[in-house]
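*Asks:*
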Amino acid sequence: MGGAELDNSQSTSNRGTVSGYDAVAIQSRWRDRWQADDLYRVDDNSPLPKWYSLTMYPYPSGTLHVGHWYAFAVPDVFARYKRMNGFNVLFPMGFDAFGLPAENAAIRHGIHPATWTYDNIAHMRKQYDQMGAMIDWSREVISSDPEFYHWNQWIFLRMLERGLAYRKAGPVWWCPNDKTVLANEQVIDGNICERCGAEVSRRDLEQWYFRITEYADELLECLNDLDWPERVITMQRNWIGRSEGARVAFTMENGEALDFFTTRPDTVWGATFMVLAPEHPLVPSLTTEAQREEVEAYVDRSRRRSDIERMSTDDENERTGVFTGSTIRNPITDEQIPIWIADYVLMGYGTGAIMAVPAQDQRDFEFARTFGLPIRVVIQPDGEVLDPETMTEAYAGPGTLVNSGQFNGVRVPEGVPAIIEWLQSEGRGAAEVNFRLRDWLISRQRYWGTPIPVVYCDGCGIVPVPDDQLPVLLPLDAEFTPTGQSPLVSHEAFLNTTCPSCGGEARRETDTMDTFVDSSWYWFRYTSPHEANAPFDKDAAARWTPVNLYTGGIEHAILHLLYARFITKVLNDLGFVEHREPFVRLRNQGIILAAEGTKMSKSRGTQVAPDELVAVHGADVLRLHLMYLGPWDQGGPWNDRGLTGMERFLRRVYTLAVDTAAVIDQPESSIDASTERTLQRLTHATIERVSRDIEGFQFNTMVAALIEMSNALGDLRSDDLLTTGPWRDAIRTLVLLLAPSTPHLSEELWEKLQGEYSVHHRSWPTFDPEKAKEDSIELIVQVNGKLRDKIVVPAGISEEEARKVALASDRVAEHLAGSEPRRVIYVPGKLVNVVA
RNA sequence: GCGGGCGUGGCGGAAUGGCAGACGCUGCGGUCUUAAAAACCGCUGGGGAAACCCGUGCGGGUUCGAAUCCCGCCGUCCGCACCA
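The first sequence maps to residues 2 to 837 in the numbering used here.
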């Protein structure tokens, strides 16, 4: 990889050795010892309560950058903290190893995707060890391993049996650059490929889908019970997009019904025309001969336009559309109204048809004005009379129904359920719920993924591959040519097979699965990574899952997290897991930007290579620095100036601990009561702060608390103190509190202080509120809310006493200037405010 | 357009109704040293000799007291964007 040598314990840097603290040497020494001792092996049979911390497994792109450290080192601190607090912790790691970059490397550089992927993994695994991460590599999961993707295929077959996987023809997103179809969730800004940024377009193709819409209601409902960032919950809620309304039927000229969906059934008397999506299947038959040419031209144009153009709101006043020549009877008003087509109506939502109520809907209003169609007001707002002739925009607010037959005078929104009920009794409609969420398109026309385990037989049709013939192996001897076609299509040995049902000639499916299928259940596999007869061992999964804490980037707020929730519910329905939500608590890290505040970029050379920093400063310093940058969910621009501060801090800790260790064999000496209290208070107050901050994911203030403690110890330090009990307690506590953050240094110092190996198996210090209590406080004295004096008083001071002390202050007297205090406010243990 | 987050010294940030700027960086001055580095000590929001005054994007409000709560703007980042 050409980067810095990681393991250079004879480092040319002398920065760490001046005070005797050689971070790099300490680090490699303990890493070797821990590896030899298998310190991070997870015990499935531990009697301790379990804790499952999980970080989204990375794509093996080749090298860990600072962003990977940020995403992994900080949760590693949390996992270590949990372990010291008596939990049996699973904090596994693996690789999201299928996907396009490997295939592109094959096409461009002639390296096989497997070679490229597994070489990258080997390098990255070493880098994770450099980080000091507590990974049990015996549980590693690599999604491109047949022993993993075997179970993708198995889960697919179970879903096929239940009708949750199916094949369907229809318009799908096609990326011309990646030469594959994409799921709706992978298209951003209307027509951009989430992966490569190319402009995507619609194609009519037959593809495989997972029926995620079957779970739409539950996916929405369960969001309320999750300890997730509000932002992510809102994004999922919007993506699922539930809306309540009614399905209503109007009658066409030939007597047949035409259905549409509306959320405003209360405005049905105001429907003055109807609009269909250009792709609506009834368009050809509804089009009259006189209109045919115009309609066909419009349909053709719509098909060509990208969705971004079709849906752009920039030109919302320029409504386009064409009259079909047909009319339809609105059975509520018994009027014949015209049927138009327009591309603001989408085929993919509802029934692809709407009733247009121009007075009450802005889009319909603009359309009516553009084409001179009638407008009838059916909702009058309070204190204002709308006139269709003069209105300049639609009115969608509350009001009273007018021009609405027997419902005149009914209030909006109260009238909506009444009208739905009436429509139902008339046989004209029924309540209905619609979702924005579509089924998940999972097939990809690419090589480096899980083969979809079905065959096509001329006699039997689509035939699933039987379980005992799994896995359908991805052939490694495929030809990579930049044709854009999957190598599987031209791989005769793979393609040609026999039908499992009739034994006749058959062809294999050559599409592979979306890699989001892998990440929709991979965390179950960590609980029993070598299970050979099932995706995972049921008991092991029951023991460890659900995941207590999941961390990762906000960019997966919809895609991965929605799919993972869906597959968990499916696995629950299949009886394989005991819960319906996979991740109890979710936290997102922010993005580390380049120093300039822009995105880190390899090509512009703004990417920060952690290997070089580790070789100079050591992993402990880098871990601390990343925690100290600011709130973890905020990210921010990288700067390396702060590294200096962390290095100084650790050197001070090293000096304090080593000097204490040097006299650790001497008998304990006596200490005066006041210094003893000071040390006790400092120690216990810091335990409290550090514990609270880690629990609350506030790692920046956690580090500040540790720095403050070591600064205070530095100030107190004297030769006599070093051999006293309270000092030794304080130093040992500091080392324990640092252990999750700086695993290498803490182990080194713990050994010198004659602590039992390993510091990482010790218990977290317990906090005694009595010992943390202050004996005296600084009473803040204000006059009219402005600070005027600070008076040291006993911590348990009474209100009466505090008022007396404050009013006796010269400074207060000065500012009162002889006038009598009108009021005195006392905040217990904090301040007195004298109001003049 | 709609929804959400954020806005505090030279910089990263702390304080979520009670001392604004913890902690770190930077900068300046000093100790040690032949010298430098490292380490250590002091200062480091603005004004002022001081008392004190001003100060948390801008304007208003609530409160004894507001960075923090409320209303209205401005800026910035993110999400959604004709979903009937």
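Virtual Cβ for every residue (Gly too), placed ideally from N, Cα, C.
Would GLY1 and PHE517 be called neighbours here (beta carbons separated by less than 8 Å)?
*Replies:* Residue 1 is absent from the model: the chain starts at 2 and stops at 837.
*Asks:* Do three or more CB pairs link the stretch 53-60 to the stretch 97-108 at distances below 8 Å?
*Replies:* Counting Cβ pairs under 8 Å, three or more are found: they touch.
*Asks:* Round the Cβ separation of MET628 and VAL67 to the nearest angstrom and send it over; I've been treating them as touching at under 8 Å.
*Replies:* That pair is no contact at about 13 Å.
*Asks:* Measure the C-alpha to C-alpha separation of ALA189 and ILE234 and round it to an integer number of angstroms.
*Replies:* Checking the sequence, you will find Ile at residue 189 rather than Ala. So the two alpha carbons sit approximately 19 Å from each other.
*Asks:* Taking the alpha helix (DSSP H) that SER799 belongs to, which residues open and close that run?
*Replies:* Here SER799 belongs to no alpha helix (DSSP H), and DSSP marks it neither H nor E.
*Asks:* For ARG81, count neighbouring Cβ atoms within 10 angstroms of its own Cβ and tell me buried if that reaches 16, exposed if not.
*Replies:* So ARG81 ends up on the buried side.
*Asks:* The beta strand (DSSP E) with SER202 in it runs from where to where?
*Replies:* Looking at the DSSP string, the run of the beta strand (DSSP E) that includes SER202 is 202-211.
*Asks:* To the nearest angstrom, how far is the alpha carbon of PHE324 from that of ILE463?
*Replies:* About 42 Å.
*Asks:* Spell out the partners DSSP gives MET275 in its beta bridges.
*Replies:* ILE340 and MET356.
*Asks:* Quick one: grab the DSSP three-state call for CYS197.
*Replies:* Residue state, collapsed to three classes: coil.
*Asks:* I need the straight-line Cα distance from CYS503 to ASP468, nearest angstrom please.
*Replies:* Using only the alpha carbons, I get a separation of about 17 Å.
*Asks:* May I ask you to verify whether the stretch 152-169 touches the stretch 205-219, counting CB pairs closer than 8 Å and requiring at least 3?
*Replies:* They touch, by the three-pair rule.
*Asks:* Just checking, does the stretch 635-649 make contact with the stretch 689-700 on the three C-beta pairs under 8 Å criterion?
*Replies:* Not touching, per the Cβ criterion.
*Asks:* Any contact of the stretch 401-411 with the stretch 426-440, i.e. 3+ C-beta pairs under 8 Å?
*Replies:* Touching, no, given that fewer than three Cβ pairs across the two stretches are closer than 8 Å.
*Asks:* Using a Cβ-Cβ cut-off of 8 Å (strictly less than) and excluding sequence neighbours within five positions of GLU800, which residues of its own chain qualify?
*Replies:* Correct list, in chain order: TYR827 and PRO829.
*Asks:* What residue does the alpha helix (DSSP H) around PRO465 start on, and which one ends it?
*Replies:* Premise fails: PRO465 lies in the beta strand (DSSP E), 462-465, not in any alpha helix (DSSP H).
*Asks:* Going by alpha carbons, who is nearest to GLU748 out of ASN701, VAL782, TRP728 and TYR655?
*Replies:* When each option's Cα is compared against that of GLU748, the closest is TYR655.
*Asks:* Give the DSSP-derived three-state secondary structure of GLU317 in the structure shown.
*Replies:* Interpretation of GLU317 is limited by its pLDDT of 44, a score under 50 that renders its predicted location unreliable; no figure is taken from the coordinates.
*Asks:* Report all residues from its chain with a CB closer than 7 Å to the CB of LEU416; omit the five preceding and five following residues, and keep chain order.
*Replies:* Note that residue 416 is Gly in the sequence shown here, rather than Leu. Contacts found: ASP267, LEU402 and PHE408.
*Asks:* Within the same chain, show all residues whose beta-carbon is closer than 6 Å to that of ILE420, passing over the 5 residues directly before and after it, in chain order.
*Replies:* PRO266 and ASP267, listed in sequence order.
*Asks:* In three-state DSSP terms, what is MET2?
*Replies:* Confidence in MET2 is poor, its pLDDT being 35 and thus under 50, which makes the residue's placement unreliable; the coordinate value appears in the next sentence. Reduced to three states, the DSSP call for MET2 is coil.
*Asks:* Looking only at its chain, what residues have a beta carbon closer than 7 Å to the beta carbon of LEU221, apart from the 5 residues adjacent to it on each side?
*Replies:* ARG238, ILE241 and ARG243.
*Asks:* Mind checking who TRP175 pairs with in its DSSP beta bridge?
*Replies:* VAL182 and SER202.
*Asks:* What did DSSP end up calling GLU821 once you bin it into helix, strand or coil?
*Replies:* Three-state DSSP puts GLU821 in coil, outside helix and strand.
*Asks:* Per the DSSP calculation, GLY592 is bridged to which residue(s)?
*Replies:* Sequence check: residue 592 is Ile here, not Gly. Paired residues: none, contrary to the question.
*Asks:* Report buried or exposed for TYR523, applying the criterion of at least 16 other Cβ atoms within 10 angstroms of its Cβ.
*Replies:* By the neighbour-count rule (16 or more Cβ atoms within 10 Å), TYR523 is buried.
*Asks:* With which residues is TRP52 paired in a DSSP beta bridge?
*Replies:* For TRP52, which the question treats as bridged, DSSP gives the partners VAL90.
*Asks:* Take the Cβ of LEU55 as the centre, count every other Cβ of all protein chains shown within 10 Å, and call the residue buried at 16 or more, exposed below.
*Replies:* That one is buried.
*Asks:* Scan the stretch 376-446 and note each continuous beta strand (DSSP E) run of 3 residues or more that stays entirely inside, going in chain order.
*Replies:* Listed in chain order, they are 400-402 and 430-435.
*Asks:* What are the complete alpha helix (DSSP H) segments, minimum 4 residues, inside the stretch 91-138?
*Replies:* With a minimum length of 4 residues, the continuous alpha helix (DSSP H) runs that stay inside the stretch 91-138 are 101-110 and 114-131.
*Asks:* Helix, strand or coil, according to DSSP, for GLU280 in the structure here?
*Replies:* If DSSP states are grouped into helix, strand and coil, GLU280 belongs with coil.
*Asks:* Could you name the residues that DSSP lists as bridge partners for TYR827?
*Replies:* VAL833.
*Asks:* Helix, strand or coil: how does DSSP classify THR528 here?
*Replies:* Reduced to three states, the DSSP call for THR528 is coil.
*Asks:* DSSP state of CYS458, grouped into three classes?
*Replies:* In the structure shown, CYS458 sits in a strand (DSSP, three-state: E or B).
*Asks:* Over the uninterrupted beta strand (DSSP E) stretch that includes MET236, give me the two end residues.
*Replies:* First-last for MET236: 231-241, but that is the alpha helix (DSSP H), not the beta strand (DSSP E).
*Asks:* Quick one: give me the first and last residue of the beta strand (DSSP E) that GLU245 is part of.
*Replies:* Segment 244-253, the beta strand (DSSP E) holding GLU245.
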